[in-house]
Amino acid sequence: MLFDVDKALSLPDIRHIVAKRDEVLDRFGPIFRNPQSLTKQDYLDFLSFKHNHHWTGLERLGRRATDDMESLRDAITGLVDETKPISDRFDSALSMVRGAGAATLTPILLLAYPDRYGVWNGTSEPEMRERGVWPTFPHGASEGQRYEIINSMLLQLARDLKVDLWTLDAFWWMSKLERQNTGHYLGSKEIAIWNMAEQANQTAKQSYGQTVERTIKNKDLRLSKEALISHIKELLGETGDRCAISEIFLQFDGPDLQLRPSLDRIDSSGHYEIGNLQVVARFINFWKRDTEDSEFRRLLAIVRGES
């Protein structure tokens, strides 16, 4: 069986997420089913783990979507309109909103219709791949078409396990602990590398509202995802798992999220490509933003009393 359900439900983190299910569904479900009443604060609360009790990491890019609340409401209205195929709705929503990729849109779908839509994000995908339940897709399938196939698999897994889709999504978070006991553990460093590659992939897709994997505008991803993962490993090897700018040791797990690794474009106006990438601590990436790399390093050296 894919999971030992009883064992998974005995874990405190899983129990907490499952216990919060009805509270979160009752709060956000009606809002997302009738998104024309959605407020900016509603959406910001949804992005926050403090309020959704399930998903982390939605806020960093997701806040940008609230810059145009009218477009955001229209995108979600179309997304939850079940008179149209999910593949079309998904692709349309992706094209309408910056800062809302699959990792944001699929939780919205789950909250709106918890018995019909599962979550596709940087946790569920690698775990499904590792456990051999990741589906195959027709050549040239759009993101919406891919999600339609992924969702069918998630629905089947939930039926087989006799759990709801909210609980199934919680299981992926603890899947690595299950695999640790069988000698197939994907360590925190590997997970962090995969997440950085996925974040770059999603950022490139969302740039300027584009939904295709390669764009001709800003933030083009000029590597395959597999090549990017390999390159990130090389970058970490070169620095000895230190931040490329501050030289602080990076933490792939642990309580201090600001010391987690983050993929940075050296030239922020350039693309995701070899020669323009470095791995830095999350807080360094946040501080640096669009500052020229050499200028940021100069200013940091002043702060550290090195010049």
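Residue 1 is where the sequence shown starts when you use UniProt numbering, and the numbers rise one by one after that.
Note that the Cβ used here is the ideal one computed from N, Cα and C, for glycine as well.
Annotated three-state conformation of residue 242 is strand, per DSSP.
Residue 153 and residue 160 have their C-alpha atoms spaced approximately 10 angstroms apart.
Residue 281 is bridged by DSSP to 261. DSSP lists 221 as the beta-bridge partner residues of residue 272.
Where residue 116 is concerned, there is no enclosing alpha helix (DSSP H), because DSSP gives it neither an H nor an E. Beta bridge pairing from DSSP links residue 32 with no other residue. In the DSSP annotation of this structure, the continuous segment of the alpha helix (DSSP H) that includes residue 77 starts and ends at 69-79.
Secondary structure note for residue 108: its alpha helix (DSSP H) is the uninterrupted segment 102-112. In the DSSP assignment, residue 296 is bridged to no other residue.
Taking 7 angstroms as the cut-off, the Cβ atoms of residue 200 and residue 263 count as close. Within a 10 Å sphere around the beta-carbon of residue 257 sit fewer than 16 other beta-carbons, which makes this residue exposed. Rounded to the nearest whole angstrom, the C-alpha separation of residue 221 and residue 70 is 29 angstroms. Here residue 136 is exposed: its Cβ has fewer than 16 other Cβ atoms, across all protein chains shown, within 10 Å. If you ignore the 5 residues before and after residue 53, its C-beta comes within less than 8 angstroms of the C-beta of 16, 17, 20, 23 and 24, all in its own chain and listed in chain order. Looking at the backbone, the Cα of residue 155 and that of residue 107 are separated by about 14 angstroms. Residue 29 and residue 244 have their alpha carbons spaced roughly 42 angstroms apart.
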